[in-house]
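Under this note's numbering, the first residue of the sequence shown carries the number 20, and numbering increases by one thereafter.
Heads up: the structure comes next, in structure tokens.
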Amino acid sequence: LRSLDRERFRQAAELLQDPGLGLRAGDALHLAVALHSRCTHLASFDGRMQQAATALGMRPALE
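This is the structure:
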């Protein structure tokens with residue numbers, strides 16, 4: 020588990036501003052934490068979230 024700071028919420032809000040990502044608030048926060056943690060892969064059964072993660076430079080952990 021990771022603690023959340025204001026910067027993660029700000030980063031999530033920025034991700035939500037990108038209509039190409041099509042994120043929901045919870046997914047944006049999840050991705051903001053993953054980006055901050057320098058994750059290279061993301062495991063999700065949610066196709067929309069996986070597409071956004073790929074657009075942000077992460078690779079799918081589940082294929």
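Note that CB positions come from ideal geometry on N, CA and C, so glycine has one too.
Review point. Taking L42 as the reference, which of S56, P79, L75, E82 has the closest Cα?
Key: Nearest option by C-alpha distance: L75.
Practice item. Give the range of the alpha helix (DSSP H) segment to which D46 is assigned. Key: Note, D46: alpha helix (DSSP H), 44 to 55.
**Study point:** Alpha-carbon to alpha-carbon, D24 and A51
**Key:** Distance from the CA atom of A51 to the CA atom of D24, rounded to whole angstroms, is 11 Å.
Practice item. Put L61 into one of helix, strand or coil per three-state DSSP. Key: DSSP places L61 in strand when its eight states are reduced to three.
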